[in-house]
Amino acid sequence: MRIATWNVNSITARLPRLLAWLESSGTDVLCLQELKCSTESFPAEALRELGYESAVHGTGRWNGVGVVSRVGLEDVVRGLPDGPLYEGVDEPRAVAATCGGVRVRSVYVPNGREREHPHYAYKLSWLAALAEASREEAAADPPFAVLGDFNVAPWDEDVWDIAAFDGATHVSEPERAAVEDLLGTGLHDVVPRPLKYDHPFTYWDYRQLGFPKNRGMRIDLVLGNDTFHSAVKDAYVDREERKGKGASDHAPVVVDLDH
DNA sequence: ATGGCCTGATCTTCAGGA
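The number in this note's numbering is simply the position in the first sequence, starting from 1, with 1245 added.
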């Protein structure tokens, strides 16, 4: 089974590339983030024509997550139990489903903006709620993984130049500790292969020639429990999908499972 | 060949992204 995660930065803007990529990559299950659409306006019919079912949690302009699968889609859960609100709003940042016997949770972790910003405290609370929501399935036997845009680079090597991130979000100790706590529930960081250069970055800023200069970050993660991790045959970042006109600023992370 | 931001909405400017 081939499972992937991809922050598409608008499903509407990315639809032609998404449909082509699903076919060319042979992906069975895809976790999506930053749909930037409502559940009602998600292009479920176009995906159905390719043989994929969809589970979507979106409210409009911001955020939005989904799971699409051609190997079944059951037991959909939208949101996080006891997830924090931001400015009184329960934002669509998580959706879980069971696809072909594998439980997946697609997540779009809050950005945090600045360390002093209320969004940063929200980010830490959201990650804590994610750990609680995942605790049971992480420790259980059936294959389970949390996949998505974590907006945290777990290690200094996961950004192109740690010196450029002095005082920034995404690399701070509390954010990394929150991801470490999530791993502590029984999950393993499935680090993908880069297809070029020496580090598997998954995001490159649109600005200032970020991609051509390989100024990237590894912030899209696949965290799998023991059963999931043991079944991993291969994992890589499909950087080809970051190329050219009409690309998302994130590349898909692809995992092949012996399952 | 990978090229100096992109997306959607409050829509000709702006918030948000990371």
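Cβ atoms here follow ideal geometry from the backbone N, Cα and C, with glycine treated the same way.
From this set, V1499, D1335 and E1319, which residue's C-alpha is nearest L1325's C-alpha?
Within the first sequence, the letter at position 80 stands for residue 1325. Just measuring C-alpha positions, the residue of V1499, D1335 and E1319 sitting nearest L1325 is D1335.
Suppose only complete runs of 3+ residues qualify. What are the beta strand (DSSP E) ranges in the stretch 1258-1336, listed by chain order?
Listed in chain order, they are 1274-1278, 1298-1302, 1310-1314 and 1319-1323.
Hey, would you say T1447 sits closer than 9 Å to P1437, going by beta carbons?
As a position in the first sequence, residue 1447 is number 202, starting the count at 1. As a position in the first sequence, residue 1437 is number 192, starting the count at 1. Yes, the pair counts as a contact, with Cβ atoms nearer than the cut-off.
Report the start-end ranges of each beta strand (DSSP E) in the stretch 1374-1460 that is 3 residues or longer and not cut off at the edges.
Qualifying beta strand (DSSP E) stretches, in chain order: 1389-1394.
Could you tell me which of P1261, N1254 and T1472 sits nearest to A1385, measuring between CA atoms?
Translated into the one-based positions of the first sequence, residue 1385 becomes position 140. Distance from the Cα of A1385 is smallest, within the candidate group P1261, N1254 and T1472, for T1472.
How big is the Cα-Cα spacing for A1390 and V1424?
Counting from 1 along the first sequence, the entry for residue 1390 is found at position 145. Counting from 1 along the first sequence, the entry for residue 1424 is found at position 179. Looking at the two C-alpha atoms, the distance is approximately 14 Å.
Three-way DSSP call (helix, strand, coil) for I1248 in this model
By 1-based counting over the first sequence, the position of residue 1248 is 3. Note: I1248 maps to strand in three-state DSSP.
Reduced DSSP secondary structure (H/G/I, E/B, other) of D1494
Residue numbering aside, residue 1494 sits at position 249 when the first sequence is read from its first letter. Of the three classes helix, strand and coil, the one that applies to D1494 here is coil, per DSSP.
For the 8 Å Cβ check, are there 3 or more pairs between the stretch 1407-1419 and the stretch 1472-1486?
Between the stretch 1407-1419 and the stretch 1472-1486 there are fewer than three inter-stretch CB-CB distances shorter than 8 Å, so the stretches are not counted as touching.
Can you check whether the CB of E1319 is closer than 9 Å to the CB of A1566?
Because residue 1566 is not part of the residues shown, which for the chain are 1246 to 1504, the question remains open.
Can you tell me whether A1366 is helix, strand or coil according to DSSP?
For this step, residue 1366 is matched to residue 121 along the first sequence. In the structure shown, A1366 sits in a helix (DSSP, three-state: H, G or I).
With a CB to CB cut of under 6 Å and the five nearest residues on each side skipped, what residues in its chain are close to P1497?
Walking along the first sequence from the start, residue 1497 turns up at place 252. For P1497, where only same-chain residues beyond five positions count, the Cβ hits under 6 Å are A1249, W1251, D1483 and E1486.
Distance between E1361 and R1293 (C-alpha atoms, nearest Å)
As a position in the first sequence, residue 1293 is number 48, starting the count at 1. As a position in the first sequence, residue 1361 is number 116, starting the count at 1. Their Cα atoms are separated by approximately 44 Å.
Does the beta-carbon of L1440 have 16 or more other beta-carbons within 10 angstroms, so that it is buried, or is it exposed?
Residue 1440 sits at position 195 when you count from the first residue of the first sequence. Result: exposed.
Out of Y1451, G1309 and N1459, point me to the one whose CA is closest to V1492's CA.
Counted from its first residue, the first sequence places residue 1492 at position 247. Here the sequence assigns Ala to residue 1492, which means Val is not the residue at that position. Of the listed residues, the one whose Cα sits closest to A1492 is Y1451.
Give me the Cα-Cα distance between S1379 and K1368, rounded to the nearest whole angstrom.
Here residue 1379 refers to the residue found at position 134 when the first sequence is read from its first residue. Here residue 1368 refers to the residue found at position 123 when the first sequence is read from its first residue. Approximately 16 Å, taken between the alpha carbons.
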